[in-house]
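Novice: The opening position of the sequence shown corresponds to residue 20 in this note's numbering, with each subsequent residue numbered one higher.
C-beta atoms are modelled at their ideal positions from N, C-alpha and C, and glycine is treated no differently.
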Amino acid sequence: MLQAGVRNVVVGAIDVNPRHSGKGIVQLRNAGVRVREGVLADDCAQINEAFNKWIVTGRPFVIAKCGMSLDGRLTRPGGESRWITGRAARRNAHELRAQVDAILVGTNTVRADNPRLTVRGVRGARQPWRIVLTRSGKLPRRAHLFSDQFISRTLIYQRKSLATVLKNLGQRGITSVLIEGGGDVLSQALDARVIDKVQLYLGPILTGGPVIAFPGHGADAAANALRLRCVSYRQIGESVSITAYAENSESE
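Structural data, given as structure tokens:
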């Protein structure tokens, strides 16, 4: 940069890595370069939110994602299509998958849906790691996760807490994890307060039934519920997308 004769530099956000934080700015200023800091700092921090959390804490940025009915149910009656949201929302979900390092589900999701947990329809996307949590270790051998071309990118954790799993994933260099369910794993994440971001897709139906998105123990009082900030709403086809960040998360 100095050899090219650059005299003015605009910095959006300073590197959170303590090994490098601000050192480049000091070098530029010592060389006579005019440096402006903090330009669109919040936007830059959002772009780097996963990497920043991983650098600071050693654990991945966690996004809790699910598609649900307007009354908060995850499934339709047995024998029907498992899709609750529309095609446009599902395309958007694949774009989200393309942005993360790993997708995490529980045993029940593998058994019920036989998901691929791959990115489809996004050009040039790298396939994420696929993480399965299981208590019993009894998983269907013919599931896509254990028989397709990406089997080498499937990890199984048996009888491990979600916090332990996330710590191990961070040690593997995985900076972001998308939790796609089912309700048991989503509720574990909520109860353990490891969620950094929430991505919900609401389909225009009411199903009733017992399969809710976040069962778990639940907050014993409203004051102890997980509070969300920076909530945004967007209509995607016939579905509604809700994106929000958890207050007091480690990524703030």
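Could you tell me which whole beta strand (DSSP E) segments of length 3 or greater appear in the region 141-169?
Specialist: 148-153
Novice: I think A108 touches Y252, with their Cβ atoms under 8 Å apart; what is that distance to the nearest whole Å?
Specialist: The Cβ separation is near 13 Å, so there is no contact.
Novice: Let's see if you can read the secondary structure: which residues bound the alpha helix (DSSP H) around E114?
Specialist: 106-116
Novice: Span of the alpha helix (DSSP H) holding S206?
Specialist: Where S206 is concerned, the enclosing alpha helix (DSSP H) starts and stops at 202-211.
Novice: What residues in its chain sit with their C-beta under 6 Å from that of A131, if we drop five residues either side in the sequence?
Specialist: none
Novice: Taking only runs of the beta strand (DSSP E) that begin and end inside the region 38-96, which ones reach a length of at least 3 residues, in chain order?
Specialist: List check, beta strand (DSSP E) in window: 53-55, 80-88.
Novice: By Cβ distance below 8 Å, which residues in the same chain neighbour G189 in space, the five residues on each side in sequence not counted?
Specialist: Counting only Cβ-Cβ distances below 8 Å, and skipping sequence neighbours, we find W73, T76, G77, R78, P79.
Novice: Nearest by alpha-carbon distance to I198: which of I44, L136, F70, T104 is it?
Specialist: L136
Novice: On the CB-based measure, 16 or more other CB atoms within 10 Å of its CB, does A38 come out buried or exposed?
Specialist: Sequence inspection shows Arg at residue 38; the Ala mentioned does not correspond to that position. The residue is exposed, with fewer than 16 neighbouring Cβ atoms inside 10 Å.
Novice: With 16 other CB atoms within 10 Å as the buried threshold, where does L115 fall?
Specialist: buried
Novice: Going by the beta-carbon positions, is the gap between A182 and I214 smaller than 8 Å?
Specialist: no
Novice: Within 10 angstroms of the Cβ of G86, are there 16 or more other Cβ atoms? Answer buried if so, exposed if not.
Specialist: buried
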